[in-house]
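FYI, full-length UniProt numbering numbers position 427 of the sequence shown as 427, with every residue one higher than the one before it.
Glycine is no exception: its CB is placed at the ideal position from the N, C-alpha and C atoms.
Keep in mind that this is a model prediction, so the values were computed, not measured.
Remarks on the structure that follows.
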Amino acid sequence: MASRYHEGYEAWRKDPAGFWMKAAENIAWTKAPTRALDADAGVYGRWFPDGECNTCFNALDRHVEAGRGEQAAIIHDSPVTGTKRRVTYAELLREVKALAASLTDLGVEKGDRVIIYMPMIPETIVAMLACARLGAIHSVVFGGFAARELATRIDDATPKLILSASCGIEPARQVEYKPLLDKAIELAAHKPRATIVLQRPELECTMVEGRDHDWAALRDKAFAEIVVGRDVPCVPVKATDPLYILYTSGTTGKPKGVVRDNGGHMVALHWSMDAIFGTEAGEVFWAASDVGWVVGHSYIVYAPLLKGCTTVLYEGKPIGTPDAGAFWRVVAEHGVKVLFTAPTAIRGIRKEDPDGALAGQYDLSRFEALFLAGERADPETLIWAEETLDRPVIDHWWQTESGWPIAANPKGLGLLPIKRGSPGVAMPGYEIHVLDETGKETAPAEMGAIAVKLPLPPGALPTLWNAEDRFRDGYLTAFPGYYSTSDGGFIDEEGYLYVMGRTDDVINVAGHRLSTGEMEEAVAAHPAVAECAVIGMRDVMKGELPCGFVVLKTANGQDRAEIERELIAIVRDRIGPVAAFKRVVIVDKLPKTRSGKVLRRTMKAIVDHDPFDTPATIEDASAIDDVRRAVG
C-alpha cells in the first residue's frame, strides 16, 4: 500500500495541537483535556495540562469493560524455567487490584514512589500497573542490579515501599535478589517503610521481620476482601503527573531519573502501536527486551496493553535457551505479528546460525516484520535478517528520554522505501535538525549534531527527577530552542536520518572528523565478522586513531592475521587513507550492557590506559578482561 506518512507528517506540522488532540480521543479520560499544550508550563511546555486520567484504567479496566477480558494480555514464555503462562486481561486486572489493595494497606498513596526490583515475570507488570492504579510513581530497577547502584536510586527516588522477588533465573545460574536488596537498603540513607517479596519456587529467601511482607500472603488476603466487596478503584491523576521514573546512566556517573507523565505518554504510545508498528488490538506484539529498560516500559508493558494487544514477556536469551532458534520458536508458537529487538540479538543469532537454518524450522506465517533499535543497525545485519526471514527489517531510533520512536519507517502508515543504515524519517511530533558547532543547519549528507526542535511531543520527558537544572544543562543549553540528543549523524536529500553514533564517538584524526559508525559498517561487511566496535584511541601525533574490536563468526577457519589485513584494507578502500585504520583486535566478546549496547567508553578507557569503573549495567564483566588481555 502507498504510505500515508507524508500526509500524516504534514498534518502534524500544520496543526500540532489539533493532531495530538485527535490522537487523545483514543484515551479514556476522567476529565478530557480542552487544549493540547500549555507552552508556558514546565521547561518547554506541558501536554494536556487540564486533563485527568488513569493509565491502569486505560491498560486494563476499559478493555475488560469492552468485552476483551478473556483475551490474553500477557504471554509469559520462560525457557530458563521451562514454564509458559497466559494471563488474560480479566486475570491481570484481578491481580492488579489485589496488589493495589495491599499497597494501600501499607500506606502507599498518590504521588508516593515505589521501587520495583524484579525479574521478567508477570508479577513485575502487575507491580507497575498497581502503582499506576493508585497514582503512585514507580521506578523499575533491574532485578539483580548491584546493591550500591540500587542504593543510589533508593536515595534519589525516596520510595515508601520496594517490591521485589527472591531471585532471577538466567541460563546458567540463579541470581539471589534478596541479599542485594538488603545490602542496598543498608547502604541507602533513605529507608523504605516496607518491602513486598515474591518467593519464587526456584529459590526462597529469608525475610526481615517487621519490614518484609510475603507477596502471596498479601495477595490471598486481598483476594478474600475483594470477593466480599472491597473495591480498589483507579485514582484519577493529572495528565501532567508522573507515571514513572526511569534511571539512565549519566555522564557524571550519577544516574539520571527520566520522568514520564501519564497523559502524554498514553496518547503517544497508543498512537505509535498502530501507526509505527502496525499492530492492532487483539494481535500479538513482542518486544524482546527487559522491563528495566525504556523499551520494556514502552513496548512490553504500556503500549501493547493500552492498545489492547497481547504482549509477550520473555525470560530467556536469543541464544543458549536452548539455541539460536529461540526467537523464531517464540514467534511461531505464540503467533507474533511484530518482533522488536536490538541489533546485537540478531548479530548473536547470526554468529551461531550464520546460514539462518534454524528460522526455516518454524512456521512464521503470521510474522510480518522485525523492528530493530537500541544501537546502530549495520547494513550487514539487516541484509542477513531480510534474507533469513523474508520479511521487512525496519530500523528505528529513539532514546530513554523520548519514550517512543523519534525516527522510524512507519509500518502502520505504509512502509517507505527502506534505506539500510538509516533508521528512517522523523515521526510526527519530531522536527529533526542536524546542526554544526555554531548551531547552524548543515547541508544534506553533512555530519553534525542531531537535535529536535522544541517543544518535544507528548510522551517525551518533561524533566529529570529533582534535577531540573541538570535537565536544562544536559539537554537544552547546547542549542537554544532545541533538545540535544547527544547523537551525531546527517539527513540525506530525501529526509532520511543517519545516526552514526554519539557525538563523542566522532573521532578527530589529524584534524579530520570521522565517524566510527562508518568504519564499523565497513568492518562488519567482512564475511568472517560477527560483530564489531570501532573506538578512538589517543595518539600523540594525530590526536586519535581508530581501533577496531572484532568478534569472529563461529568455526571460521580463516587465519586471523589475514582477516586483520583484509579489514584494514576494506576500511582504507571505503573511507580512505585519512581514516588511518591500522589496528584490529580480535576478541571473544564485546563488553555490553544488559540491553545490548556496546560499552565503547569503557573500551576506550582500556586502550588509553585510563582509570574507569566497571558499569553497573554490564551483561558479562569477563568481556572487559578479554579486551584487557587483547590490547595488552
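Inter-residue CB distance, residue i and residue j (contact presumed, cutoff 8 Å)
{"i": "residue 184", "j": "residue 154", "result": "6 Å"}
{"i": "residue 451", "j": "residue 485", "result": "6 Å"}
{"i": "residue 56", "j": "residue 96", "result": "7 Å"}
{"i": "residue 509", "j": "residue 567", "result": "17 Å between Cβ atoms; not a contact."}
{"i": "residue 454", "j": "residue 44", "result": "5 Å"}
{"i": "residue 124", "j": "residue 291", "result": "5 Å"}
{"i": "residue 226", "j": "residue 159", "result": "That belief does not hold up - the Cβ atoms of residue 226 and residue 159 are roughly 25 Å apart, past 8 Å."}
{"i": "residue 87", "j": "residue 122", "result": "5 Å"}
Residue i and residue j closer than 9 Å at C-beta
{"i": "residue 216", "j": "residue 289", "result": "no"}
{"i": "residue 461", "j": "residue 470", "result": "no"}
{"i": "residue 192", "j": "residue 218", "result": "no"}
{"i": "residue 276", "j": "residue 389", "result": "no"}
{"i": "residue 99", "j": "residue 196", "result": "yes"}
{"i": "residue 430", "j": "residue 445", "result": "no"}
{"i": "residue 418", "j": "residue 385", "result": "no"}
{"i": "residue 221", "j": "residue 338", "result": "no"}
{"i": "residue 143", "j": "residue 118", "result": "yes"}
{"i": "residue 278", "j": "residue 310", "result": "no"}
{"i": "residue 265", "j": "residue 299", "result": "no"}
{"i": "residue 212", "j": "residue 189", "result": "no"}
{"i": "residue 499", "j": "residue 404", "result": "no"}
{"i": "residue 312", "j": "residue 332", "result": "no"}
{"i": "residue 402", "j": "residue 456", "result": "yes"}
{"i": "residue 425", "j": "residue 5", "result": "yes"}
{"i": "residue 204", "j": "residue 169", "result": "no"}
{"i": "residue 367", "j": "residue 349", "result": "no"}
{"i": "residue 488", "j": "residue 443", "result": "no"}
{"i": "residue 103", "j": "residue 73", "result": "no"}
{"i": "residue 30", "j": "residue 236", "result": "yes"}
{"i": "residue 39", "j": "residue 33", "result": "no"}
{"i": "residue 584", "j": "residue 514", "result": "no"}
Nonlocal neighbours in the same chain, by C-beta distance under 8 Å from residue i, ignoring five residues either side
{"i": "residue 383", "result": "420"}
{"i": "residue 84", "result": "75, 76, 77 and 78"}
{"i": "residue 551", "result": "351, 529, 530, 531, 532, 586, 587, 588, 589 and 590"}
{"i": "residue 101", "result": "222, 225, 226, 230 and 232"}
{"i": "residue 620", "result": "589, 591 and 592"}
{"i": "residue 467", "result": "256 and 257"}
First and last residue of the uninterrupted beta strand (DSSP E) at residue i
{"i": "residue 451", "result": "448-453"}
{"i": "residue 165", "result": "161-165"}
{"i": "residue 586", "result": "583-586"}
{"i": "residue 195", "result": "194-198"}
{"i": "residue 293", "result": "Per DSSP, residue 293 belongs to no beta strand (DSSP E) and is neither H nor E."}
{"i": "residue 546", "result": "543-552"}
{"i": "residue 500", "result": "497-502"}
Own chain partners of residue i with C-beta closer than 6 Å, once the 5 adjacent residues on each side are dropped
{"i": "residue 14", "result": "none"}
{"i": "residue 150", "result": "141 and 184"}
{"i": "residue 12", "result": "19 and 428"}
{"i": "residue 146", "result": "616"}
{"i": "residue 604", "result": "535"}
{"i": "residue 36", "result": "17, 20 and 21"}
{"i": "residue 3", "result": "413, 414 and 416"}
{"i": "residue 69", "result": "89 and 90"}
Span of the alpha helix (DSSP H), counted from its first residue to its last, around residue i
{"i": "residue 63", "result": "62-65"}
{"i": "residue 519", "result": "516-524"}
{"i": "residue 5", "result": "5-14"}
{"i": "residue 91", "result": "89-105"}
{"i": "residue 532", "result": "Taken as a continuous stretch (DSSP letters only), residue 532 belongs to no alpha helix (DSSP H), being part of the beta strand (DSSP E) at 529-539."}
{"i": "residue 483", "result": "Premise fails: residue 483 lies in the beta strand (DSSP E), 482-491, not in any alpha helix (DSSP H)."}
{"i": "residue 596", "result": "That residue, residue 596, is in no alpha helix (DSSP H); it is neither H nor E in DSSP."}
{"i": "residue 622", "result": "622-631"}
{"i": "residue 216", "result": "215-227"}
{"i": "residue 258", "result": "That residue, residue 258, is in no alpha helix (DSSP H); its beta strand (DSSP E) goes 256-261."}
Residue i: CB within 8 Å of a non-hydrogen atom of the ligand MG
{"i": "residue 227", "result": "This structure does not include the ligand MG; it has no bound ligands of any sort."}
Residues of its chain near residue i, where Cβ-Cβ distance is below 7 Å and the 5 sequence neighbours each way are ignored
{"i": "residue 380", "result": "524 and 525"}
{"i": "residue 306", "result": "58, 59, 266, 269 and 270"}
{"i": "residue 321", "result": "79, 80 and 171"}
### Query
Counting pairs of Cβ atoms below 8 Å between the stretch 359-379 and the stretch 585-598, do you hit three or more?
The stretch 359-379 vs the stretch 585-598: in contact.
### Inter-stretch contact at 8 Å, needing at least 3 Cβ pairs: the stretch 486-498 / the stretch 287-307
Segments in contact, no.
### Message
Measuring CB atoms only, is the stretch 445-461 touching the stretch 50-60, in the sense that at least three cross pairs come out at less than 8 Å?
### Response
At 8 Å Cβ cutoff, the stretches do not touch.
### Query
Any chance the stretch 596-611 sits against the stretch 357-367, with 3 or more Cβ pairs inside 8 Å?
Cβ pair count under 8 Å is below three, so no.
### Query
Counting pairs of Cβ atoms below 8 Å between the stretch 568-578 and the stretch 516-528, do you hit three or more?
Taking 8 Å as the limit for Cβ pairs, the verdict is that the stretch 516-528 does touch the stretch 568-578.
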